[in-house]
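As you go down the protein sequences, you meet chains S and L in turn.
All letters in the first sequence, in the order written, are residues 1 to 112 by this note's numbering.
All letters in the second sequence, in the order written, are residues 1001 to 1115 by this note's numbering.
Heads up, the beta-carbon is just placed ideally off N, CA and C, and yes, glycines get one too.
Written below as structure tokens is the structure these notes are about.
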Amino acid sequence: GNSVTQMEGPVTLSEEAFLTINCTYTATGYPSLFWYVQYPGEGLQLLLKATKADDKGSNKGFEATYRKETTSFHLEKGSVQVSDSAVYFCALTPYNNNDMRFGAGTRLTVKP
Amino acid sequence: DTAVSQTPKYLVTQMGNDKSIKCEQNLGHDTMYWYKQDSKKFLKIMFSYNNKELIINETVPNRFSPKSPDKAHLNLHINSLELGDSAVYFCASSQDLTSGSYEQYFGPGTRLTVT
């Protein structure tokens, strides 16, 4: 079946550190891939997406590249800020299907 | 303008009661969803509705029933509430498949506490 596996947290970084949150997926065909962010007490917000192999999604300094050969969609940011502290979810939808599958979420805490 | 809204934001009730959570989206989307998020932040899809037709139901107890009076609304009714129902419930919506855009837009959540 379709599923997403992301690195377990929590992740704690100092401000301006480099961030990587790993995400791998299992799916038939060509899924669309997403990263969502959930700030404390809020709903999920779409952070970035990629819909085909080698696409790079980017937003607010975050990037992720759709790697079909490694079935991965790792999230990266070159310099994190305290305001990036949140829970990050990797997700996929199968090709031509809106049945979205989420990873377990990774909590990021950035300290000043 | 709020894209996906839910009411109430907080709901505290006793075991055995019946309660409803309302959801509205003003994005013109065709599909709406309900998710349950547990204390460890794990998200579980409960239902989705497309043009008033249920298309996903992931082994949810029949005490939970979605009701969609129109394309912009998907309410969640819960009968005989149990302690294990305590969680945050999120409503979401997305466009139809022909748009090629599958991202979902989430509401702010309803924190349900059953005592």
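Name the chain L residues that come within less than 8 Å of residue i, Cβ to Cβ?
| i | result |
| --- | --- |
| lysine 49 of chain S | Glu1103 |
For the beta strand (DSSP E) holding residue i, just list the boundary residues, first then last.
| i | result |
| --- | --- |
| phenylalanine 34 of chain S | 32-38 |
| glutamine 1006 of chain L | 1004-1007 |
| glutamine 6 of chain S | 3-6 |
| alanine 50 of chain S | 44-50 |
| lysine 56 of chain S | 56-59 |
| tyrosine 25 of chain S | 23-26 |
Taking C-beta pairs closer than 7 Å, name the residues in chain L that residue i reaches, listed in chain order.
| i | result |
| --- | --- |
| threonine 93 of chain S | Tyr1102 |
| asparagine 98 of chain S | Thr1031, Ser1094, Leu1097, Tyr1102 |
| valine 11 of chain S | Simply none; closest approach about 13 Å. |
| serine 32 of chain S | Tyr1102 |
| phenylalanine 102 of chain S | Leu1043 |
Closer than 7 Å by beta-carbon distance: list the chain S residues that pair up with residue i, in chain order.
| i | result |
| --- | --- |
| proline 1108 of chain L | Glu42, Gly43 |
What does residue i touch in chain S if you count any residue whose Cβ is under 9 Å from its own?
| i | result |
| --- | --- |
| phenylalanine 1047 of chain L | Ordered by position in chain S, no residue passes the 9 Å Cβ test against phenylalanine 1047 of chain L, which lies about 12 Å from the chain. |
| leucine 1027 of chain L | The premise fails here: leucine 1027 of chain L is roughly 13 Å from chain S at the closest Cβ pair, so nothing lies under 9 Å. |
Taking all protein chains shown into account, do 16 or more other C-beta atoms lie within 10 angstroms of the C-beta of residue i, making it buried, or fewer, making it exposed?
| i | result |
| --- | --- |
| tyrosine 39 of chain S | exposed |
| aspartate 54 of chain S | exposed |
| phenylalanine 18 of chain S | exposed |
| methionine 1015 of chain L | exposed |
| threonine 1059 of chain L | exposed |
For a contact defined as C-beta to C-beta under 8 Å, what are the partners of residue i on chain S?
| i | result |
| --- | --- |
| phenylalanine 1090 of chain L | Gly43, Leu44 |
| leucine 1011 of chain L | Per Cβ cutoff of 8 Å: no residues; leucine 1011 of chain L is ~15 Å from chain S at best. |
| isoleucine 1056 of chain L | Asp99 |
Quick test of your reading: residue i and residue j, contact by CB under 8 Å. State the CB separation rounded to the nearest angstrom.
| i | j | result |
| --- | --- | --- |
| serine 1094 of chain L | asparagine 59 of chain S | Not quite, the Cβ-Cβ distance comes to about 18 Å (not below 8 Å), so this is no contact. |
| tryptophan 35 of chain S | leucine 75 of chain S | 5 Å |
| alanine 1092 of chain L | valine 1004 of chain L | 7 Å |
What residue ranges within the segment 1017-1097 of chain L form continuous beta strand (DSSP E) runs of no fewer than 3 residues, ordered along the chain?
1019-1025, 1031-1037, 1043-1050, 1053-1057, 1064-1070, 1073-1078, 1087-1094
At which residue ranges does the segment 64-107 of chain S contain complete beta strand (DSSP E) runs of 3 or more residues, listed in the order of the chain?
75-77, 86-93
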